[in-house]
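2 protein chains.
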Amino acid sequence: MDIRFVKREQLKEKPDQKNLGFGKYMTDYMFVMDWTKEDGWIDARIVPHEPISLDPACVTLHYAQETFEGMKAYRTKSGKIQLFRPEMNARRMIKSNERLCMPAFPEDMFVEAVKELVKVEKDWVPSEPGTSLYIRPFMFATESALGVHMASKYKFMVICCPVGAYYAEGINPVKILVEDELVRAVQGGTGFTKCGGNYAGSILGQVKAEKMGCTQVLWLDGVHRKYVEEVGTMNIMFKIGGEIYTAPIEGTVLPGVTRDSIIHILKDWGYKVNETHLAVDDLMKAGHDGTLEEAFGTGTAAVISPVGEFVYKDDIVKVNNFEIGKLTQKLYDYLTGIQWGDVEDKYGWTVDINA
Amino acid sequence: MDIRFVKREQLKEKPDQKNLGFGKYMTDYMFVMDWTKEDGWIDARIVPHEPISLDPACVTLHYAQETFEGMKAYRTKSGKIQLFRPEMNARRMIKSNERLCMPAFPEDMFVEAVKELVKVEKDWVPSEPGTSLYIRPFMFATESALGVHMASKYKFMVICCPVGAYYAEGINPVKILVEDELVRAVQGGTGFTKCGGNYAGSILGQVKAEKMGCTQVLWLDGVHRKYVEEVGTMNIMFKIGGEIYTAPIEGTVLPGVTRDSIIHILKDWGYKVNETHLAVDDLMKAGHDGTLEEAFGTGTAAVISPVGEFVYKDDIVKVNNFEIGKLTQKLYDYLTGIQWGDVEDKYGWTVDINA
Ligand SMILES: Cc1ncc(COP(=O)(O)O)c(C=O)c1O
Ligand SMILES: Cc1ncc(COP(=O)(O)O)c(C=O)c1O
Chain S
652 MDIRFVKREQ
662 LKEKPDQKNL
672 GFGKYMTDYM
682 FVMDWTKEDG
692 WIDARIVPHE
702 PISLDPACVT
712 LHYAQETFEG
722 MKAYRTKSGK
732 IQLFRPEMNA
742 RRMIKSNERL
752 CMPAFPEDMF
762 VEAVKELVKV
772 EKDWVPSEPG
782 TSLYIRPFMF
792 ATESALGVHM
802 ASKYKFMVIC
812 CPVGAYYAEG
822 INPVKILVED
832 ELVRAVQGGT
842 GFTKCGGNYA
852 GSILGQVKAE
862 KMGCTQVLWL
872 DGVHRKYVEE
882 VGTMNIMFKI
892 GGEIYTAPIE
902 GTVLPGVTRD
912 SIIHILKDWG
922 YKVNETHLAV
932 DDLMKAGHDG
942 TLEEAFGTGT
952 AAVISPVGEF
962 VYKDDIVKVN
972 NFEIGKLTQK
982 LYDYLTGIQW
992 GDVEDKYGWT
1002 VDINA
Chain P
652 MDIRFVKREQ
662 LKEKPDQKNL
672 GFGKYMTDYM
682 FVMDWTKEDG
692 WIDARIVPHE
702 PISLDPACVT
712 LHYAQETFEG
722 MKAYRTKSGK
732 IQLFRPEMNA
742 RRMIKSNERL
752 CMPAFPEDMF
762 VEAVKELVKV
772 EKDWVPSEPG
782 TSLYIRPFMF
792 ATESALGVHM
802 ASKYKFMVIC
812 CPVGAYYAEG
822 INPVKILVED
832 ELVRAVQGGT
842 GFTKCGGNYA
852 GSILGQVKAE
862 KMGCTQVLWL
872 DGVHRKYVEE
882 VGTMNIMFKI
892 GGEIYTAPIE
902 GTVLPGVTRD
912 SIIHILKDWG
922 YKVNETHLAV
932 DDLMKAGHDG
942 TLEEAFGTGT
952 AAVISPVGEF
962 VYKDDIVKVN
972 NFEIGKLTQK
982 LYDYLTGIQW
992 GDVEDKYGWT
1002 VDINA
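Here the protein sequences line up with chains S and P, keeping their order. Counting the first sequence from 1 gives a position; the numbering used here is that position plus 651. Counting the second sequence from 1 gives a position; the numbering used here is that position plus 651.
The following block contains the structure:
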């Protein structure tokens, strides 16, 4: 792929690495490529991160024909910069785009675009413990038209921002609200994709959770309102009676890269992993009778997020006395160890941006 | 409301009224207003229709926090320009916004914004039979941020385009595919709103329908995959054994302005209207045993769209010999008569833009 480079007049000042937050600081450059029906993908370029111009009739502003991905670049102690399973994000975006009737952005081009942009932005990859460069590939329709239809023009872009340690003061268990009215996804819908609409529809649940003192929402399936699916921006796993339970990938749940990695590791460590429908009533029962040993979310942002409490209707269940579980901590240390290059990557999951 | 006016250097040339199509020609001006957490709605303005500038991290491009409306301005034979129940669109947008955690755009301001814009654009309201000015109010988040959350900044805009007669050569019955795999909406989701995500998720069904020689998709409910809900951009009604059947407004179906108007008229005409769950099997059975007399979609674009055929799995049902039904035609003539000012508006549904 030939990538055109447009240099910025002046680079931005880099922010304090101890105070990065999430998404506060955009880097200097972005990757852009256009798709038209006639020419396919054209004009790969790395240009200054700056506003784009859209007609008010742009399809994306009305019909949300848009998908995105989320991944990170990690700086190892030796100064090397690595990605984590970038091909998984590339493939997931292709699946999202298929459902949304958007053209595929090829896997090899995706990985190359991310690598090349991170190379240009290498000074933006922070080195403080737990920090990383968050990478946001996204694609959206750019055609101007008011009829609902498959658009004929798209933009693929990658932007990045340095992000702080998710757990500034050590990993912290969170309270989770089991949502029994609002629904995130249903079989036959778009739940398995990272399309904008899924997230717009989920904000109300998030607001409700926060009002009840919870950090996130645990969604139930849309048909029976009974089976545990996933959390706001994480998949979720439970250790019950020594075995692991997590929702299967059957169309409603996002196939998380972290989820897949954790399942690999758990199986290697000898755990039985049940990708199955777990009823919320069984979860609460396990919480009360003491068989629910640990619970944790998995996702790129926090990697592993221990759950300290589930709130479901009038019932509350504490997990492991609101303390991080042994297995949860071990998984966190091991996977973040691989990502930041402190633990041997025996799975070959990390990709050096210069390789 | 104080509306600032920014004049265009040069007005566009008006297109041929016999060849307007849908959404091909945008008018000269647009209405814009901004919302911030601190100031609420500010800076109402009518400005030239031109591209807007968005940061690539704009929430709308990632999480689709966006809603819209669709309505029309009609030119009567006497030259008067009128809207049709604009307050219904205003209220529906408020409901959509509530679900999407977006601020309400007040009803009176909505109607005023539409009226004032149409007044400025009055020469764009076409006079050829069946033509009108399509009006698209829409709202979207403008904040730049990569975390999923309720945005703190929004834009409300109204754009318009003259549109041609929907049925250039007289009303035409359409073929409709009953979709049994893909799902548009589910209880607890966003089906009752006009949010972008609903439409992005529906394109694949539309593509599938077209591949099978059908014009539109008839969606079934997401829980049982059994009950008839609505069509791509129309509600749908059936005349079976002399009575009318249509899906109830219970959270999954868009509460159409045309639907509501047609129900009013039908009741006044002495019809029994059943807003109830009709199973697709019962619909097909009624088609085969001859009790299904007529079927039609209702929506702002086509007003009334007769259905000539339903395709469901391997079963095909023809409606009224693929001819427009008597009641369908009568409803079409009556409602379009009111909208274009040829029939007395005894319901007080039309609103003169100068009133
Ligand atoms: C809805 C949802 N589920 C799960 C995940 C976790 O996926 P991953 O591990 O690939 O970050 C995410 C975040 O990307 C998400 O948005
Ligand atoms: C999904 C859907 N259903 C029904 C309708 C019909 O609604 P209305 O009669 O208000 O145009 C529309 C069009 O607005 C729609 O998009």
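Beta carbons: idealized from backbone N, C-alpha and C, even for Gly.
As assigned by DSSP and simplified to three states, the class of residue i
i, result
"S/Asp-932", "helix"
"S/Gln-661", "coil"
"S/Leu-905", "coil"
"P/Ser-1015", "As shown, chain P starts at 652 and ends at 1006. That puts residue 1015 of chain P outside it, with no answer to give."
"S/Ile-989", "helix"
"P/Ser-956", "strand"
"S/Leu-734", "strand"
"S/Phe-756", "coil"
"S/Trp-1000", "coil"
"S/Ser-795", "strand"
"S/Asp-694", "strand"
"S/Val-776", "coil"
"S/Ser-747", "helix"
"S/Glu-945", "strand"
"P/Val-962", "strand"
"P/Gly-950", "strand"
"P/Tyr-878", "strand"
"P/Lys-826", "strand"
Contact set between residue i and chain S, taken where Cβ atoms lie within less than 7 Å
i, result
"P/Asp-706", "Pro-702"
"P/Ala-796", "Gly-674"
"P/Leu-833", "Gly-839"
"P/Phe-791", "Leu-712"
Distance CB(residue i)-CB(residue j) smaller than 9 Å
i, j, result
"S/Gln-668", "S/Gln-990", "no"
"S/Thr-1008", "S/Glu-926", "Absent from the model: residue 1008 of chain S. The displayed extent of chain S is 652 to 1006, so no value can be given."
"P/Gly-976", "P/Lys-969", "no"
"S/Ile-697", "S/Tyr-680", "yes"
"S/Phe-673", "P/Leu-797", "yes"
"P/Ala-741", "P/Leu-784", "no"
"S/Phe-1048", "S/Val-908", "Chain S is shown from 652 up to 1006; residue 1048 of chain S falls before or after that span and cannot be answered."
"S/Ala-764", "S/Val-809", "yes"
"S/Asp-993", "S/Lys-746", "no"
"P/Asp-759", "P/Ala-695", "no"
"P/Tyr-963", "P/Val-931", "yes"
"S/Asp-831", "S/Leu-871", "yes"
Amino acids of chain P, ordered along the chain, whose beta-carbon sits closer than 9 Å to that of residue i
i, result
"S/Ala-953", "None at all; the shortest Cβ gap to chain P is about 12 Å."
Residue environment, residue i, which counts as buried when at least 16 other CB atoms sit within 10 Å
i, result
"S/Ser-778", "exposed"
"S/Arg-655", "exposed"
"S/Ala-1006", "exposed"
"S/Trp-920", "exposed"
"S/Tyr-878", "buried"
"S/Leu-671", "buried"
"S/Asp-690", "exposed"
"P/Leu-855", "buried"
"S/Gln-716", "buried"
"S/Ile-693", "exposed"
"P/Ile-967", "exposed"
"S/Ser-998", "It should be pointed out that residue 998 of chain S corresponds to Tyr in this sequence rather than to Ser. S/Tyr-998 comes out exposed."
"P/Arg-743", "buried"
"S/Val-710", "buried"
"S/Met-739", "buried"
"P/Glu-664", "exposed"
Interface partners of residue i on chain P, CB under 8 Å
i, result
"S/Met-681", "Pro-707"
Interface residues of chain P facing residue i [CB-CB closer than 7 Å]
i, result
"S/Leu-855", "Arg-750, Cys-752"
"S/Met-677", "Ala-708"
"S/Arg-787", "Leu-797"
Proximal chain S residues relative to residue i, where beta-carbon distance stays under 9 Å
i, result
"P/Phe-719", "Leu-712, His-713, Tyr-714"
Proximal chain S residues relative to residue i, where beta-carbon distance stays under 8 Å
i, result
"P/His-800", "Ile-854, Gln-857"
Output needed in chain order: residues of the stretch 868 to 902 of chain S with a Cβ under 8 Å from some Cβ in chain P. Answer in chain order: Gly-873, Val-874, Arg-876, Gly-883, Thr-884.
Note down, in chain order, all residues in the stretch 902 to 918 of chain P with a beta-carbon under 9 Å from any beta-carbon belonging to chain S. none
Return the residues of the stretch 750 to 777 of chain P that lie within a Cβ-Cβ distance of less than 7 Å from chain S, sorted by chain order. Taking a C-beta cut-off of 7 Å against chain S, the contacting residues of the stretch 750 to 777 of chain P are Arg-750, Leu-751, Cys-752, listed in chain order.
Could you name the residues of the stretch 837 to 864 of chain P whose beta carbon sits closer than 8 Å to any beta carbon of chain S, in the order they occur along the chain? Val-837, Gln-838, Gly-839, Gly-840, Thr-841, Cys-846, Gly-847, Gly-848, Asn-849, Tyr-850, Ala-851, Gly-852, Ser-853, Ile-854, Leu-855, Gln-857, Val-858
Report the residues of the stretch 807 to 822 of chain S with a CB closer than 7 Å to any CB of chain P, ordered along the chain. Met-808, Ile-810, Cys-812
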